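Just so it is clear: in the sequence shown, position 35 is 27 by our numbering, and no numbers are missing. Please read the structure below before turning to the comments.
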Amino acid sequence: MKELFRSTDPVRISRAASLLEGEGITSFEMDQHASVLEGSIGILPRRLMVADRDEFMARAILRDLGLDE
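Structure follows, in structure tokens:
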């Protein structure tokens, strides 16, 4: 799996995952339950991951939509 980006913004991650799913690319959000450890204040970034074979296309989609970093 490859990391596309890290963010503390759950809306950005959700939007990116939804757009990728619409293009047929499965993504996986990692570290989403880490907020339990930090007291749910949102300081630990979450990671959006995709399969190695989908990384190039996923990055291109996010770049075209202005969701890349």
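Glycine included, every Cβ here is placed at the ideal spot set by N, Cα and C. Bear in mind the structure is a predicted one, so any value in this text is a computation, not a measurement.
Excluding the 5 residues flanking it on each side, Thr0 has same chain C-beta neighbours closer than 8 Å at Gly34, Ile35, Leu36, Pro37, Arg38, in chain order. DSSP, reduced to helix, strand and coil, places Met49 within a helical segment of the structure shown. In its chain, beyond the 5 residues on either side, Ala9, Leu12, Leu40, Val42 have a beta carbon closer than 6 Å to the beta carbon of Ser19. For Glu15, no alpha helix (DSSP H) run applies, since DSSP gives it neither H nor E.
The DSSP-derived three-state label of Leu(-4) is strand.
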